[in-house]
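Participant:
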Amino acid sequence: MEDRILVWKLKGGSKAALSRIYEKYRDCLLRIACGLVQQSAAEDIVHDVFISFVRNRESFELKSSLKNYLATGVVNRARSYYRKKDRNTTIDNEQTEQISSDYKGPEQWIIHNEQTKLLNEALEKLSTEQREAVVLHTKGQLKFRQIARLQDVTIKTAQSRYRYGIDKLRTLLDGKVTL
Amino acid sequence: MRPTEKIEKFLIKNSISSNPKVNKAVLNELIEEMEKTQQAPESLNIGRIIMRSKISQLAAAAVIIIAAVIGTSYFLRTSNGIAWADVIKPIFTAETVKYDMIIGQEGSGAAITDMVKGSKIRRNVEGTNQASIIDLESSKVMVLDEGTKTVFYIDLKNLPSIPNYTEHLKNLITKLENSPEFEVKKLGEQIIDGKKAVGFVATCEGIEVTIWADVKTAIPIRIEQKEPNLNVICKNYQFDIEMDDSLFSMEIPQGYKEQTMSLDLTGSTEEDFIAGLRMFAEILPDKQFPPDISIEYIAKNAVQIGTLIEKTGLSEDKQMEMGEKLSKMVMFIRFFNVHGEGQWYYAGDGVKLGDASKAIFWYQPKDSEIWRVIYGDLSVKDVNEEDLP
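Those protein sequences? They're chains A and B, same order as listed. Letter by letter, the first sequence follows residues 1 to 179 of our numbering. Letter by letter, the second sequence follows residues 1001 to 1389 of our numbering.
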C-alpha cells in the first residue's frame, strides 16, 4: 500500500517520494539488470527505466505492484538489448540511440566481486527465457505468477524454465565456485 | 541440502552492491528531470476538467472560486506609505484593472489573465478555450467554453460577501494604514519585467507584499504576495483601460448551449473543515491524510482529486456532496483570516485517518488565547501555545 501513496505523492511533485521509490527499488533493479545483461548495459537500462518512470509519472496508473512494473521495464529493455545484439555482433551506434538516456557518469554504478562475475558468465550461457526466470525469481524475488505474466506463458512453463535454468547453472558452476 | 537448493541459495546470496556516489548523482538527475517536466497546475485547466463528469465540473467550480478569492483578497491586502502612496494610488483610483496572475512560483504556476471592472472579473486561464466571468456581488460564475460552444452557469450560494471589488480594496488599505504592525521598506531601483522600477516591501500580520512600480509614472508593474501558505505574483498591470460592458455580460451568447449547477458554500466552519479532511483521507489510498492542503496544492491536484472521488463508485449525488465538502474545506483555509489569527499549520502528511496520537492541523481561533489542535482521529483539543505540537 505504501507504493500507492508514494505514487500519489510523486504525481504531486514530491521529491521525497521520488527519492523513496528510487532507494527502495534501485538495488533490486540493478541486480535484475546485471543478471540479464552485461554491466555497462545494465547500468544504462536501470537509469533509463527510472528516467522513463519520472517522465511518464503524470499518466502512470499503478495497477499491480510498482516493483513488478519497474522490473518489467528492465526486462523489456534487456530483451531489446539482446535483439540488437543478435543483429549486430557488437553493439553499434544504433544501440546507443535505443537506450535513450544512458547513464554517462565517470564511475561504475554496480560493484561486484569475482564470484558474481563467474555467475554472470554462467547466466549468459542460459537461454533468454531461462535466464529471465532464474534472475527474476532469485534476484528480483518475483513470484512465478508474475514471471509467467511477464513472459506470457503459463505458471507451469515459467517454473519449468526456472528449474532447467538452475540445473544448467549447477553444471556450469560445478567446481568453479564454493556453493 | 539438495544441489539445486545450494545453487538457489548461492544466487540469492551472491549479490552486487551499488556505488553510493553514483546513486546520489542518478537521484539528483531524476529530481532535475522531474522539475523539468513538472506541468503547470492541471486543476486550472478548466477546459479539461469541464469536459469530464459532473463531479469534475464541481471541482472546476471550486477552482474558479479559489482563484477568484485569491485575486480579490490579494488586492485587498495591499497597503500604504510615503512614495508608497504614489504607487498604490492607481490601485485606489482605477475604474478598471488588467493583470496576469500566477499562483505559486513563476514558471511552474498557472498563468491567469484577469480583467476587473467593479465587482466583476473576466478571467482567462492559460492554455484553455474558456473565459470565466465571475460576479462577486451576485456570487455567480459563468464559464464560456468556445470549444464546445457551451455556457456553464455556477451559482456559488453563500459565497462569503465580497460585494464590491474597489470598495473592499479601499476599506482594507485604510484599515491597514491604522495597523501598528504595518511597515514599508524601500528596495531601491531594478529592471523588472524589462522596465526600470522602484520597489517597496510591506509587511503586516505575517504577509509580505512587494510592489515594483515604474520609476517615471509610479504605476505598479509587478506585485508579489507571500503568505505562509500561499504565493501570488501579479504582473503586466494596465489601469483604467477601456473595457466594454459586454466583456462582463452574463447573458448566454447566441449559438451556445447552457448547463447549470450550484455549489453551497454556507458556513465553512471548523466542522466543515474537518469533514473535508475526513473525506480527503477516505478517498486517498490507505486512508492517509494528503501531503498538503494548501490552496496551491489543491488547485494543482484538483483533477486527481476529482478522479479519486469518481473512483469511489458512489452515486452522483454522494459524489457531489463530497465535492462540496472539499470546496468548504478550501474555503475555510482561504478565509482563514475570518476564522483564525496568524497562520495555520498542517502536519498530516503520511498520518493515517484514526491515528489519535498525531496532530495534523492547528490554528489559533480569532480573538482567542488558546489554539485548536486537530488530531489524526479528527478529534479536536484546546491547547495552550506552550503545549503546541
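Positions of the beta carbon are idealized from the N, C-alpha and C atoms, including for glycine. Computed from a prediction, not measured in an experiment: that's the story for all the values here.
(1) Show which residues of chain A have a CB atom less than 8 Å away from the CB atom of B:Ile-1007.
(2) Consult DSSP for A:Asn-76 and reduce its assignment to one of helix, strand or coil.
(3) Would you mind sorting B:Asn-1384 into buried or exposed? The rule is 16 or more other CB atoms within 10 Å of its CB.
(4) Between A:Trp-8 and the rest of its own chain, which residues show a CB-CB distance below 7 Å, the 5 nearest in sequence each way excluded?
(5) Looking at the C-beta of B:Thr-1037, does it have a partner C-beta in chain A at a distance below 7 Å?
(6) For A:Ile-32, which residues in the same chain have their Cβ closer than 7 Å to its Cβ, ignoring the five residues on either side in sequence?
(7) Between B:Glu-1324, B:Thr-1307, B:Lys-1287, which has its C-alpha nearest B:Leu-1378's C-alpha?
(8) So, does the segment 1210-1223 of chain B touch the segment 1183-1197 of chain B, judging by three or more C-beta pairs under 8 Å?
(9) Please report how far the alpha carbon of B:Ala-1281 lies from the alpha carbon of B:Lys-1036, in whole angstroms.
(10) Quick one: grab the DSSP three-state call for A:Arg-26.
(11) Consult DSSP for A:Lys-9 and reduce its assignment to one of helix, strand or coil.
(12) For B:Met-1115, which of helix, strand or coil comes out of DSSP?
(13) Just to confirm, is the Cβ distance from B:Lys-1135 to B:Lys-1120 under 7 Å?
(14) Rounded C-beta distance between B:Ala-1275 and B:Lys-1325? I'm assuming under 8 Å.
(15) So, helix, strand or coil for B:Lys-1009, using DSSP?
(16) For B:Asp-1145, list the residues DSSP reports as bridge partners.
(17) What are the uninterrupted segments assigned as beta strand (DSSP E) that are 3 or more residues long and contained completely in the segment 1216-1270 of chain B, given in chain order?
(18) Can you tell me the Cβ-Cβ gap for B:Asn-1019 and A:Gln-108, rounded? I've got them flagged as a contact below 8 Å.
(19) With a threshold of 7 Å between beta-carbons, can A:Val-49 be considered close to chain B, or not?
(20) Under 8 Å Cβ-Cβ, which residues of chain B neighbour A:Lys-15?
(21) Exposed or buried, B:Gly-1188, counting other C-beta atoms within 10 Å across all chains shown (16 or more means buried)?
(22) Quick check on A:Arg-152 - is its C-beta less than 7 Å from some C-beta in chain B?
(23) Does the distance from the CB of A:Gln-245 to the CB of A:Val-177 come in under 7 Å?
(24) Does DSSP put B:Pro-1163 in a helix, in a strand, or in coil?
(25) B:Met-1322 and B:Ile-1333 look like a contact to me (Cβ under 8 Å); what is the Cβ gap, rounded to whole Å?
(26) Measure the beta-carbon distance from B:Gly-947 to B:Thr-1217 and round it to whole angstroms, keeping in mind my assumption that it falls under 8 Å.
(27) How far does the alpha helix (DSSP H) with A:Asn-120 in it extend, from its first residue to its last?
(28) Contact criterion: CB-CB distance below 7 Å. Does A:Val-54 meet it with respect to chain B?
(29) Determine which residues share a DSSP beta bridge with B:Thr-1210 and list them.
(30) How should A:Gly-175 be labelled, buried or exposed, when 16 other C-beta atoms within 10 angstroms of its C-beta is the threshold for buried?
(31) Would you mind sorting B:Gly-1071 into buried or exposed? The rule is 16 or more other CB atoms within 10 Å of its CB.
(32) Strictly under 7 Å for the Cβ-Cβ distance: is A:Gln-159 near chain B by that measure?
(33) On a Cα-Cα basis, can you pick out the residue from A:Thr-154, A:His-112, A:Lys-168, A:Arg-20 that is closest to A:Ser-40?
(34) Are the C-beta of A:Gln-181 and some C-beta of chain B separated by less than 7 Å?
(35) Spell out the partners DSSP gives A:Ile-110 in its beta bridges.
(36) List, in chain order, every chain B residue whose beta-carbon is nearer than 9 Å to that of A:Leu-142.
Facilitator: This is what the structure gives:
(1) Ile-166, Leu-169, Arg-170, Leu-173, Leu-179
(2) helix
(3) exposed
(4) Shown here for A:Trp-8: not one same chain residue has a beta carbon closer than 7 Å to its own, the five before and five after excluded.
(5) yes
(6) Ala-71, Val-74, Val-135, Leu-136, Lys-139, Gly-140
(7) B:Lys-1287
(8) Output reads yes: the segment 1183-1197 of chain B touches the segment 1210-1223 of chain B.
(9) 30 Å
(10) helix
(11) helix
(12) strand
(13) Going by the sequence as given, residue 1135 of chain B is Asp instead of Lys. Yes. Within cutoff.
(14) 5 Å
(15) helix
(16) Within the DSSP bridge table, the entry for B:Asp-1145 names B:Gln-1130, B:Thr-1150 as partners.
(17) Every beta strand (DSSP E) of 3 residues or more that sits fully in the segment 1216-1270 of chain B is shown, in chain order, as 1220-1227, 1230-1239, 1257-1264.
(18) 6 Å
(19) no
(20) Ile-1031, Met-1034
(21) exposed
(22) The question names Arg, but residue 152 of chain A is Asp in the sequence shown. No, its Cβ sits nowhere closer than 7 Å to a Cβ of chain B.
(23) No statement about residue 245 of chain A is possible, as the shown extent of chain A runs from 1 to 179 and does not include it.
(24) Annotation note: pLDDT 36 at B:Pro-1163 (below 50); position unreliable, coordinate value reported separately. B:Pro-1163: coil per DSSP, three-state reduction.
(25) B:Met-1322 to B:Ile-1333, Cβ: 17 Å. No contact.
(26) This structure leaves residue 947 of chain B out entirely; chain B is present only between 1001 and 1389.
(27) Residues 114-124.
(28) yes
(29) B:Val-1201, B:Glu-1224
(30) exposed
(31) Caution applies to B:Gly-1071, whose pLDDT of 43 falls short of 50 and renders its modelled position unreliable; the value that the coordinates give is listed next. Buried, since its Cβ has 16 or more Cβ neighbours within 10 Å.
(32) no
(33) A check of alpha carbon separations from A:Ser-40 across A:Thr-154, A:His-112, A:Lys-168, A:Arg-20 identifies A:His-112 as the nearest.
(34) What the structure shows of chain A is the stretch from 1 to 179, and residue 181 of chain A is not part of that stretch, so it cannot be assessed.
(35) B:Ser-1018
(36) Correct list: empty, because the minimum Cβ distance to chain B is about 13 Å.
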